[in-house]
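The structure appears below as structure tokens.
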């Protein structure tokens, strides 16, 4: 089993681990979900299974929404790391960082990282949501040229070639208004946008499009 990265020396001086789950636990007989305060949308009959220290998530193909795992984690600057395994390149997953107190944006969405289908996408989710709402109010199917330019500036993409059925480590690093994403120690993409610098980030959500295995999730605050 590959090692899991912890803070670099530059980070470690002022870093605090605010959340860490290695899923190495035996569930109680009457356990709901995977315990450890994870919130799951299991009402849509997605499968969330803990086995051999791994969380195995499978989306119900008939469900409207992705299978979601949400957890609290307070930080401003810092990193979120997920050790994962994919069985299908065409089955993307997304990590969304949010502020539950932000009521002007649906579910307090701030930014997201999406991996799958041969592509890595970083997006200012708040800006994308605002543009979508403006289009809905105007009853138009396509964004205006100005809206498209704004959306393009709030989104970046990179080619992603992941080997299947092998463990990978995705590192999401936030510093000020800049978001940087690395996989297996290689930086692949970065994005600078206003919502990334939002001062309060208090939860994150992992959205699974088809199936995903998760070995560990760690959130580190670096102030």
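In full-length UniProt numbering, the protein residues as written are 1 to 223.
Where a beta carbon is used, it is the ideal one built from N, C-alpha and C, also for glycine.
Check, Outcome
"Inter-stretch contact (C-beta, 8 Å, three-pair minimum) for the segment 107 to 116 and the segment 192 to 200", "yes"
"Complete runs of the beta strand (DSSP E) confined to the segment 138 to 198 [at least 3 residues]", "155 to 159, 167 to 175, 178 to 183, 186 to 192"
"For residue 96: DSSP bridge partner residues", "112, 205"
"Through-space distance from residue 45 to residue 32, alpha-carbon basis", "13 Å"
"C-alpha gap between residue 99 and residue 14, whole angstroms", "23 Å"
"Beta-carbon proximity list for residue 179, same chain, < 8 Å, skipping 5 on both sides", "111, 113, 122, 172, 173, 190, 191, 192, 193, 196"
"Candidates 182, 57, 76, of which the one nearest residue 119 by Cα", "182"
"Under the three-state DSSP convention, the category residue 63 falls into", "coil"
"Stretch-stretch touch, CB-based, cutoff 8 Å, three pairs: the segment 202 to 216 with the segment 80 to 93", "yes"
"Sub-9 Å separation of residue 25 and residue 50 beta-carbons", "yes"
"Residue of 141, 176, 40, 214 minimising C-alpha distance to residue 22", "214"
"Rounded distance between the beta-carbons of residue 97 and residue 204, thought under 8 Å", "5 Å"
"CB contact flag (residue 17, residue 219, <9 Å)", "yes"
"Any 3 or more C-beta pairs closer than 8 Å across the segment 67 to 80 and the segment 157 to 177", "yes"
"Residue 9, buried or exposed, once every other Cβ within 10 Å from all chains shown has been counted against 16", "Model confidence at residue 9 stands at a pLDDT of 37, short of 50, so the residue's coordinates are unreliable; what they give is reported in the following sentence. Classification of residue 9: exposed, given that the 10 Å Cβ count is below 16."
"For residue 76, the first and last residue of its enclosing beta strand (DSSP E)", "Unbroken run through residue 76: none, as it is neither H nor E."
"CB contact flag (residue 41, residue 67, <9 Å)", "yes"
"Outcome for residue 221 when other beta-carbon atoms lying within 10 angstroms are tallied against a minimum of 16", "buried"
"Residue 262 versus 184, 124, 70, residue with shortest Cα-Cα distance", "Residue coverage of the chain in this structure runs from 1 to 223, which leaves residue 262 outside it and unanswerable."
"Minimum C-alpha distance to residue 169 - residue among 184, 54, 160", "184"
"Assigned secondary structure, residue 51 (DSSP; H/G/I helix, E/B strand, else coil)", "strand"
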